[in-house]
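Here is the structure we will look at, set down as structure tokens.
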Amino acid sequence: MNKALITGLLLATGALLAAGCHTSKKATDGKSKTGKTAKKDKKKADGKTTDTTAVAVGPGAAALSLADLALAQRLNERAGFSGNFQTFSGKAKAKLDRDGESNEFTANIRIRNGEAIWINISALGGLVNVARIYVTPDSVRLVNFLQKNARLLPFAEAGNLLPFPVTFPDLQALLLGYAPTTTVLEPRGMQTLPDRLLVFNTTAHGEQTHFFSLPDTVLSGYGIMRMTGGKEPLTLSMMLRNFSGDSSLPFYRERTATWQGQGKSGELQLQFDAPQWNSDVSMPFSVPKGYEVE
Numbered sequence: 006m007n008k009a010l011i012t013g014l015l016l017a018t019g020a021l022l023a024a025g026c027h028t029s030k031k032a033t034d035g036k037s038k039t040g041k042t043a044k045k046d047k048k049k050a051d052g053k054t055t056d057t058t059a060v061a062v063g064p065g066a067a068a069l070s071l072a073d074l075a076l077a078q079r080l081n082e083r084a085g086f087s088g089n090f091q092t093f094s095g096k097a098k099a100k101l102d103r104d105g106e107s108n109e110f111t112a113n114i115r116i117r118n119g120e121a122i123w124i125n126i127s128a129l130g131g132l133v134n135v136a137r138i139y140v141t142p143d144s145v146r147l148v149n150f151l152q153k154n155a156r157l158l159p160f161a162e163a164g165n166l167l168p169f170p171v172t173f174p175d176l177q178a179l180l181l182g183y184a185p186t187t188t189v190l191e192p193r194g195m196q197t198l199p200d201r202l203l204v205f206n207t208t209a210h211g212e213q214t215h216f217f218s219l220p221d222t223v224l225s226g227y228g229i230m231r232m233t234g235g236k237e238p239l240t241l242s243m244m245l246r247n248f249s250g251d252s253s254l255p256f257y258r259e260r261t262a263t264w265q266g267q268g269k270s271g272e273l274q275l276q277f278d279a280p281q282w283n284s285d286v287s288m289p290f291s292v293p294k295g296y297e298v299e
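Counting from 6, one number per residue, gives the positions in the sequence shown under our numbering.
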């Protein structure tokens, strides 16, 4: 295990992908909205009782009726983070395949909502500490216990470790399994498949697609395509499985994140134990004496 593992974990968990909470409330009044209801909304969009004025949203976007546009916006809200919690603590078995190298490790993730994110990476069932990461809205700190070095940098410079810049709320949401939504999402189309409903969005840096299972229209994954500096597009995807929890703090315990482009590619699989919410969490972090600090 080496620096590639740490960067890969940050890439997968921070820049897109690595967790799976989801709120399954109804887009309009907080109750669950079924696929049947979603299809009914789409029928209304084509009927005489609904205003079907076409609205083009975003450059080059397909025209959407007002009803379809409203439905897409409600589904986008459900894909983003909206939970109410103070702290989160979760432990995941992880397998990272990247650059022809495969690593298995354990990731302990702790979050203080809006304040701090702490990740400890260990091997051999937790017997050997590999790395520790501490993130606040202002800074990112990393310690590699195997190579005996550390990196301390402002959060704004963390993009050097990630395929594209993210905000702290996005990073927190991604670790909890939500899609990043602090960027403006402009719906440009929807597609209904036999087992899922897709919502396509244009963003300032590319495209973002949300997947909802049918008939319950629960978030089942998302995909992101980002263009940066005229380079090859970077594509990232997250698939969510094994739902558990209650209506207030639902959770997906299995996730698969993949990314490709700009010379980067890989896959991260995570299997979480039952999470703990709103309990006391400690986030110990220090750089041992004698470590090289970059």
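Glycine residues also receive a C-beta, built at the ideal position from the N, C-alpha and C atoms.
What residue range is occupied by the uninterrupted alpha helix (DSSP H) comprising P159? From DSSP, P159 is part of no alpha helix (DSSP H) but of the beta strand (DSSP E) over N154 to P159.
Count the other CB atoms within 10 Å of the CB of D285; is the residue buried (16 or more) or exposed (fewer)? Here D285 is exposed. Its C-beta has fewer than 16 other C-beta atoms within 10 Å.
Evaluate R246 with the Cβ neighbour count: other Cβ atoms within 10 Å of its Cβ, from every protein chain shown; 16 or more gives buried, anything less gives exposed. R246 comes out exposed.
From what residue to what residue does the beta strand (DSSP E) around A209 run? No beta strand (DSSP E) contains A209, which DSSP labels as neither H nor E.
Quick test of your reading: S225 and R260, contact by CB under 8 Å. State the CB separation rounded to the nearest angstrom. Actually they are not in contact, since the Cβ atoms of S225 and R260 sit about 11 Å apart, beyond 8 Å.
Grouping DSSP H, G and I as helix and E and B as strand, with all else coil, what is R115? In the displayed model, R115 falls within a strand according to three-state DSSP.
Reduced DSSP secondary structure (H/G/I, E/B, other) of Q78: helix
Taking the alpha helix (DSSP H) that Q177 belongs to, which residues open and close that run? F173 to L180
Determine the extent of the beta strand (DSSP E) in which Q276 is found, giving its start and end residues. K269 to F277
Have a look at the DSSP bridge pairing and note the partners of I257. The sequence given here has Tyr at residue 257, not Ile. According to DSSP, Y257 bridges with F248.
Do P289 and F93 count as a contact pair if the criterion is CB distance below 8 Å? no
In three-state terms, what does DSSP make of E299? In the structure shown, E299 sits in coil (DSSP, three-state: anything other than H, G, I, E or B).
Whose C-beta lies closer than 6 Å to the C-beta of K96 among residues of the same chain, with five residues either side of it excluded? N113 and D278
Return the CA-CA distance between A184 and A155, expressed in angstroms with no decimal places. C-alpha of A184 to C-alpha of A155: approximately 29 Å in a straight line.
In angstroms with no decimal places, state the Cα-to-Cα distance between M243 and F86. 15 Å
Euclidean distance between Cα positions of L176 and M232: L176 and M232: Cα-Cα distance of roughly 19 Å.
CB of K153 within 8 Å of CB of E297, strictly: In this structure, K153 places its C-beta atom within 8 Å of the C-beta atom of E297.
Who are V148's beta bridge partners in DSSP? R137 and A155
Straight-line gap, T42 to T214 (C-alpha atoms, nearest Å): Caution is warranted here: a pLDDT of 40 is assigned to T42, below 50, making its placement in the model unreliable, and the coordinate value is therefore given only provisionally. One C-alpha to the other measures close to 21 Å.
On the three-state DSSP scale, how would you describe E237? coil
Can you tell me which of K269, L157, V140 and L190 puts its alpha carbon nearest to the alpha carbon of G211? Nearest option by C-alpha distance: L190.
CB of M230 within 8 Å of CB of T240, strictly: yes
Alpha carbon to alpha carbon, what distance is there between L71 and M195? 13 Å
At which residues does the beta strand (DSSP E) containing A97 begin and terminate? T92 to R103
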